[in-house]
Amino acid sequence: MPDQEEEALKVIQSHRQGVLQSELWKLLDIDSRKCSRIVKRLLDAGLIERLEFRSDGIKTYVLRAKKQAVDPCVILAGGEILPCIGCDQECTPEECALLLDWMYQLALEEYQE
144 MPDQEEEALK VIQSHRQGVL QSELWKLLDI DSRKCSRIVK RLLDAGLIER
194 LEFRSDGIKT YVLRAKKQAV DPCVILAGGE ILPCIGCDQE CTPEECALLL
244 DWMYQLALEE YQE
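Right, here's the structure in full:
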(Lines of atoms letter the chains of each structure in order from A; the text may use other names.)
(Lines give C-alpha, C1' and ligand atoms only; values in the text may rest on other atoms or scores of the structure.)
Protein backbone atom coordinates (compact mmCIF):
# COMPACT_ATOMS: atom_id res chain seq x y z
CA MET A 144 0.00 0.00 0.00
CA PRO A 145 1.46 3.40 -0.96
CA ASP A 146 2.51 5.72 1.87
CA GLN A 147 -0.29 8.27 1.41
CA GLU A 148 -2.94 5.56 1.39
CA GLU A 149 -1.45 4.05 4.52
CA GLU A 150 -1.33 7.45 6.21
CA ALA A 151 -4.96 8.14 5.21
CA LEU A 152 -6.04 4.78 6.59
CA LYS A 153 -4.27 5.47 9.88
CA VAL A 154 -6.00 8.86 10.17
CA ILE A 155 -9.39 7.26 9.47
CA GLN A 156 -8.73 4.45 11.94
CA SER A 157 -7.76 6.95 14.63
CA HIS A 158 -11.23 8.54 14.49
CA ARG A 159 -13.61 5.93 15.87
CA GLN A 160 -16.70 7.91 14.89
CA GLY A 161 -15.26 8.53 11.45
CA VAL A 162 -13.67 11.50 9.76
CA LEU A 163 -15.26 13.79 7.19
CA GLN A 164 -13.76 13.37 3.74
CA SER A 165 -13.77 17.16 3.48
CA GLU A 166 -11.49 17.23 6.55
CA LEU A 167 -9.28 14.29 5.59
CA TRP A 168 -7.52 16.07 2.76
CA LYS A 169 -6.73 18.96 5.10
CA LEU A 170 -5.36 16.59 7.74
CA LEU A 171 -3.18 14.90 5.12
CA ASP A 172 -2.12 18.24 3.61
CA ILE A 173 -3.12 17.17 0.09
CA ASP A 174 -5.68 18.53 -2.38
CA SER A 175 -9.26 17.25 -2.41
CA ARG A 176 -8.86 15.58 -5.82
CA LYS A 177 -5.90 13.48 -4.67
CA CYS A 178 -7.80 12.67 -1.47
CA SER A 179 -10.77 11.42 -3.52
CA ARG A 180 -8.49 9.03 -5.44
CA ILE A 181 -6.97 7.72 -2.20
CA VAL A 182 -10.43 7.25 -0.67
CA LYS A 183 -11.57 5.35 -3.78
CA ARG A 184 -8.62 2.97 -3.55
CA LEU A 185 -9.29 2.36 0.17
CA LEU A 186 -12.98 1.76 -0.61
CA ASP A 187 -12.12 -0.63 -3.46
CA ALA A 188 -9.79 -2.53 -1.13
CA GLY A 189 -12.62 -2.90 1.39
CA LEU A 190 -10.68 -1.13 4.13
CA ILE A 191 -13.12 1.73 4.74
CA GLU A 192 -16.76 2.61 4.34
CA ARG A 193 -18.18 5.93 3.18
CA LEU A 194 -21.48 7.28 4.46
CA GLU A 195 -23.24 10.34 3.06
CA PHE A 196 -23.35 13.24 5.52
CA ARG A 197 -24.89 16.70 5.21
CA SER A 198 -23.51 19.65 7.13
CA ASP A 199 -25.25 23.02 6.68
CA GLY A 200 -26.83 21.70 3.48
CA ILE A 201 -23.47 20.70 2.00
CA LYS A 202 -23.02 17.04 1.10
CA THR A 203 -19.83 15.33 2.20
CA TYR A 204 -18.98 11.85 3.46
CA VAL A 205 -18.02 10.32 6.77
CA LEU A 206 -15.22 7.80 6.33
CA ARG A 207 -14.91 4.93 8.79
CA ALA A 208 -12.44 2.09 8.94
CA LYS A 209 -13.96 -1.34 8.48
CA LYS A 210 -13.16 -3.86 11.13
CA GLN A 211 -10.87 -6.52 9.77
CA ALA A 212 -11.22 -10.18 10.65
CA VAL A 213 -8.80 -11.28 13.34
CA ASP A 214 -6.50 -14.23 12.72
CA PRO A 215 -7.37 -16.75 15.51
CA CYS A 216 -3.67 -17.52 15.96
CA VAL A 217 -3.16 -13.96 17.18
CA ILE A 218 -5.69 -14.25 20.01
CA LEU A 219 -4.99 -17.81 21.18
CA ALA A 220 -2.06 -19.04 23.20
CA GLY A 221 -1.92 -22.42 24.87
CA GLY A 222 -5.62 -22.91 24.32
CA GLU A 223 -6.41 -19.67 26.15
CA ILE A 224 -7.93 -16.71 24.41
CA LEU A 225 -6.37 -13.28 24.72
CA PRO A 226 -7.89 -11.75 27.87
CA CYS A 227 -8.47 -8.41 26.13
CA ILE A 228 -11.21 -9.94 23.98
CA GLY A 229 -14.45 -8.89 25.59
CA CYS A 230 -12.67 -7.22 28.51
CA ASP A 231 -14.54 -4.31 30.07
CA GLN A 232 -11.73 -3.04 32.29
CA GLU A 233 -10.34 0.42 31.64
CA CYS A 234 -6.60 -0.23 31.57
CA THR A 235 -3.54 0.11 29.41
CA PRO A 236 -1.71 -2.92 27.99
CA GLU A 237 1.40 -2.01 29.97
CA GLU A 238 -0.50 -2.17 33.28
CA CYS A 239 -2.99 -5.00 32.67
CA ALA A 240 -2.34 -7.90 35.05
CA LEU A 241 -4.53 -10.29 33.01
CA LEU A 242 -2.63 -9.52 29.82
CA LEU A 243 0.76 -9.80 31.53
CA ASP A 244 -0.19 -13.21 32.98
CA TRP A 245 -1.35 -14.39 29.55
CA MET A 246 1.90 -13.21 27.96
CA TYR A 247 3.92 -14.91 30.71
CA GLN A 248 2.13 -18.20 30.02
CA LEU A 249 2.80 -17.76 26.30
CA ALA A 250 6.50 -17.18 26.98
CA LEU A 251 6.69 -20.27 29.22
CA GLU A 252 5.13 -22.41 26.47
CA GLU A 253 7.61 -21.08 23.92
CA TYR A 254 10.52 -21.74 26.28
CA GLN A 255 9.38 -25.32 27.01
CA GLU A 256 9.16 -26.16 23.30
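Start counting at 1 in the sequence shown, then tack on 143, and there's your number in the numbering used here. Using N, Cα and C, we set each Cβ at its ideal position, and we do this for glycine too. These figures come from a predicted structure and were not determined experimentally.
Residue i - partner residues in DSSP beta bridges
i	result
Lys-202	Arg-197
Val-162	Leu-206
DSSP-derived helix/strand/coil call for residue i
i	result
Glu-148	helix
Ala-208	strand
Glu-276	Residue 276 falls outside the range modelled here, since the chain spans only 144 to 256, and no answer is possible.
Ile-224	strand
Leu-190	coil
Cys-239	coil
Ile-155	helix
Span separating the alpha-carbon of residue i from that of residue j
i	j	result
Lys-209	Ile-191	5 Å
Leu-206	Gln-160	9 Å
Glu-166	Ala-188	21 Å
Pro-236	Ser-198	38 Å
Cβ shell of residue i (< 6 Å), same chain only, five flanking positions each side left out
i	result
Trp-168	Ser-175 and Cys-178
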